[in-house]
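The structure appears below as structure tokens.
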Amino acid sequence: MVKKSGNDGFVEEEPLTFSPSQSRRLLGFYYEDSRLPSPAGGVFQILRVKSEDNGSGVLILECGSSSLRYVLKVPKAKRAEKRDIQAEAKKGGELWCPRHSLQPLNRVADKYVCRKCGVTYATSK
């Protein structure tokens, strides 16, 4: 999708989004650390991972064959995931992302965030 802004002719392209079924399929591949297949026949490269204010994550992807950019939204942590991380934090153990294998959680300010998916799992007190 292309959007024009202003009279100077500046054109800004907005990333495309996925259908819910495509998102679930791609997230499954992503959590398994597999290659992410693109609808254009290539594979996606991850350009950026960021956290949202509501605790969810966002991946900015670019297709290797068509150079189209897509946004993949990662759902926020479920209550059970948050509860397990909080319990492990109270024990003083190492905190790991429940969705990725062998991915430690990073402390960002007062939150524990997975740097691979951008999801916030717990807050420290």
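Residue numbers for the sequence shown follow the numbering used here, so the first one is 238 and each next one is one higher. Note that the Cβ used here is the ideal one computed from N, Cα and C, for glycine as well. Quick caveat, the model's predicted, so the values are computed rather than measured.
Could you check the C-alpha separation between residue i and residue j for me, to the nearest Å?
i: Ala326; j: Ser288; result: 20 Å
i: Phe266; j: Gln323; result: 27 Å
i: Lys313; j: Arg344; result: 17 Å
i: Ser260; j: Gly278; result: 16 Å
i: Ser338; j: Ser361; result: 23 Å
i: Arg336; j: Tyr268; result: 6 Å
Check for me: the beta strand (DSSP E) holding residue i runs from which residue to which?
i: Phe281; result: 281-288
i: Arg344; result: 342-345
Taking residue i and residue j to be in contact with their CB atoms under 8 Å, please state how far apart those CB atoms are, rounded to whole angstroms.
i: Tyr263; j: Ile283; result: Note on residue identity: the sequence assigns Leu, not Tyr, to residue 263. Wrong, their Cβ atoms sit about 11 Å apart, outside the cutoff.
i: Val295; j: Gly355; result: 6 Å
Mind checking which residues open and close the alpha helix (DSSP H) that includes residue i?
i: Arg316; result: 316-328
i: Gly301; result: Unbroken run through Gly301: none, as it is neither H nor E.
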